[in-house]
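Residue numbers (our numbering), protein chains in the order written: chain U, 18 to 621; chain C, 3 to 230.
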């Protein structure tokens, strides 16, 4: 059940020509791939028969696909009567439905935040890195702080026991038999002689760093500068007084301390060592900060890695999109570089094949136009020349013959102009048109051209800055532009009312105003398209109408000058055609060079 | 005075219509349908042709060769009919010795205007009659001759007029438009390439080193000037 491919092509090209694709409500874009089950590039290529349209559609499809579910690829040709939605559902598993599944995916993610693919991967990577590094840091901190504290405590314990032993030894005195059977007076004297040395011995050691308290005969002895028994945790003292060695962490004056109490087996004597732990706490704090920083660094590294990996993985996509954009912006020789990554060779090869075929097709089209125009030239020359012979014998003819002759010569002239316009425009399409600029006084050039083509009927106003301004421009093309704009005004608006030459932000601006009905805003962009005629004058065609290429050529000539042309409303309500060309054409010359150098490759 | 024109064109319809049209203007027309025949007629017929119109696309000997062949012995004004104004055909044709070109499809009026301009120019030539000297080159406008020492330099009519125009304004920059107007008698439809190609040809004949000219100098963006 093959559909006539020509019919389809016409539909598609018309769609492109009117540039409606961007304006259509997204759900209406249907790309008809044709009857084959395998929508290879070869079969698509006949549809996408214009480079610019292709690149535009590539970008459009990408945009649309990113936004939502608007692109419908349709392989079906059998059930044209059914709406595309139905036909797609029915052909659920067929090859052409790849995008459909994608569509489903997009529909599922209802709370879909518009994030770039690259950003998404980055986000995932950094989240992963954050979780991982936090877990690692926490684990490290807990185990490390545990072991540090254990080590610290055990070393302090040994110090405390040493001190307690020293205290016992000193209190016992040199003779082991001397004990606390002394009279209390004698005992007190003994203690009084022993304690200072003892305190010196067990407190002063800078290595141990302990503040020591000794409790003997119901009296607390300690250095006045250090802790008193009131500063110690109550529970600890109770336990030690009951004969149980004890240790307790507590905070004193904002600093962490460890108190170790050891009973001395000499009639209720006690030793209590208090150790300042702020150094250890500082160490732990440093550890914490270090781990935190390491965590942040890991997260950042993860994000960076994610970004890089995403960039690396997405590079082919970026290359394809760049290539498409290059092609769209007038570098049709752009290709993807071949690569030895097997996943990408297919992509590169299909892309390049597609572009090759398109280029071939466009070149064939352009050649066809140019060939046809060329073939028309010889008969046209004969026609025109023979007509001129008839014209000289005009007076020998009857009135009816004269009328017929007028019609004939009017049409032949139009035909001639159309062929030369077609030739000119096909030359532009083939990229063979080259600007041959000369230094010209722009005011003089415009004035002369306007005077010539309007038989001195249209006034020219030269702005102050444009006076005797010399710029690089191609005289022939600028004259053609003026001629076409004046002719256009003549034809549709009863003639131009004035031409204004001025300078505007580095550009020479030339405005051609008329008194006609003006151009409706929605037509202003399309009016420069080929064979486009304003809606209100449709049907008004005859020997006096133009070739339909005049404004298109104006645009092409101005583009070659790296300028732009547009239409606005004149103060009188008529149309105002404006073209601007840069004063210094070389400042924006790179584009042209790129184009002439031709081939470019984008690495995948 | 009757003008003798030779039309070299292989397309019979065009040839006949051109004959009809140009005969209306009071010219005497001879036709040739190939380059070989054209050279034969030009050299052997008992007519002194005032102007030759050659189509570039000819079977056998093409228009350029035909042009060169005629130029070997004659400085008759030649107009070539090219396919496209933008191709190298124009430059090649002018290099081959043509004085002007016209692009198909052309207006018969434009063709006759160009013919008239070329003929007018070659008949009412000399404004100045005194001998002009440029270095070792001597220009004799009356005789239509240019000599280096005793050796005569062969210039076509167009080249000669171009040299005379430049030489009568020594040191002054002459724009392409000015030269088109003076040398080709064109008010408007001129093409800067006409001037450029003819200046190049003139240089190859009168300059000792055409690549580094001493006399006919280019003034970028403005035109040409002659220094003695």
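Using N, Cα and C, we set each Cβ at its ideal position, and we do this for glycine too.
Query: DSSP beta-bridge partners of residue 231 of chain C; Result: Coverage of chain C is limited to positions 3 through 230, which leaves residue 231 of chain C absent and any answer about it impossible.
Query: Between the CA atoms of residue 463 of chain U and residue 477 of chain U - distance to the nearest angstrom; Result: 8 angstroms
Query: Top-ranked residue by Cα proximity to residue 423 of chain U, from U:409, U:436, U:349, U:304; Result: U:409
Query: Neighbour list for residue 405 of chain U in chain C, Cβ cutoff strictly below 9 angstroms; Result: 19, 22, 23, 26, 109, 110, 111, 114
Query: Close-in-space but distant-in-sequence residues of the same chain around residue 499 of chain U (CB under 7 angstroms, 5 per side omitted); Result: 463, 466, 467, 470
Query: Under 7 angstroms from the C-beta of residue 564 of chain U: neighbouring residues of chain C; Result: Simply none; closest approach about 13 angstroms.
Query: Where residue 85 of chain C meets chain U, residues with beta-carbon distance less than 8 angstroms; Result: 391, 394
Query: Interface residues of chain C facing residue 397 of chain U [CB-CB closer than 7 angstroms]; Result: 107
Query: Buried or exposed by the 16-neighbour rule on C-beta atoms within 10 Å, applied to residue 68 of chain C; Result: buried
Query: Endpoints, the alpha helix (DSSP H) within which residue 312 of chain U is located; Result: 295 to 345
Query: Contact set between residue 433 of chain U and chain C, taken where Cβ atoms lie within less than 8 angstroms; Result: 107, 109
Query: Pick from U:275, U:233, U:317 that is closest to residue 286 of chain U, judged by C-alpha positions; Result: U:233
Query: Pairwise C-alpha distance: residue 10 of chain C and residue 136 of chain C; Result: 38 angstroms
Query: Neighbour-count burial assignment, residue 162 of chain C, 16 or more Cβ in a 10 Å radius; Result: buried
Query: Residue 527 of chain U vs residue 520 of chain U beta-carbon contact at 8 angstroms; Result: no
Query: Cβ shell of residue 587 of chain U (< 6 angstroms), same chain only, five flanking positions each side left out; Result: 530, 593
Query: 8 angstroms contact criterion, which residue 395 of chain U and residue 13 of chain C should meet: CB distance rounded; Result: 5 angstroms
Query: Neighbourhood of residue 103 of chain C by C-beta distance below 6 angstroms, restricted to the same chain and skipping five residues each side; Result: 82, 84, 92, 95
Query: Cβ-based neighbour list, residue 62 of chain C, same chain, cut-off 7 angstroms, excluding 5 preceding and 5 following; Result: 36, 37, 38
Query: Short-range partners of chain C found in the region 449 to 482 of chain U, where Cβ spacing is below 7 angstroms; Result: 455, 456, 469
Query: Partner residues on chain U for residue 16 of chain C, Cβ-Cβ distance less than 8 angstroms; Result: 395, 398, 399, 402
Query: Contact between the region 270 to 287 of chain U and the region 305 to 312 of chain U (3+ Cβ pairs under 8 angstroms); Result: no
Query: Cβ pair count under 8 angstroms reaching 3, the region 151 to 158 of chain U against the region 285 to 300 of chain U; Result: no
Query: Coarse secondary structure for residue 117 of chain C, derived from DSSP in three states; Result: helix
Query: Cβ-based burial, residue 217 of chain U [other Cβ within 10 Å; buried from 16]; Result: exposed
Query: Residue environment, residue 50 of chain U, which counts as buried when at least 16 other CB atoms sit within 10 Å; Result: Reliability of the predicted coordinates at residue 50 of chain U is poor, the pLDDT of 41 falling under 50, and no value is obtained from them.
Query: Cutoff 8 angstroms: residue 409 of chain U Cβ touching any chain C Cβ; Result: yes
Query: Backbone CA spacing between residue 479 of chain U and residue 516 of chain U [nearest angstrom]; Result: 8 angstroms
Query: Environment of residue 134 of chain U [buried if 16+ CB atoms lie within 10 Å]; Result: exposed
Query: Whole-angstrom distance between residue 538 of chain U and residue 122 of chain C, CA atom to CA atom; Result: 53 angstroms
Query: Residue 310 of chain U versus U:392, U:158, U:162, residue with shortest Cα-Cα distance; Result: U:158
Query: Cutoff 8 angstroms: residue 571 of chain U Cβ touching any chain C Cβ; Result: no
Query: Closer than 8 angstroms to chain C by CB, residue 525 of chain U; Result: no
Query: Collapsed DSSP secondary structure at residue 261 of chain U in the structure displayed; Result: coil
Query: Local conformation of residue 532 of chain U per DSSP, three classes; Result: coil
Query: Given 8 angstroms, three or more beta-carbon pairs between the region 447 to 462 of chain U and the region 483 to 494 of chain U; Result: yes
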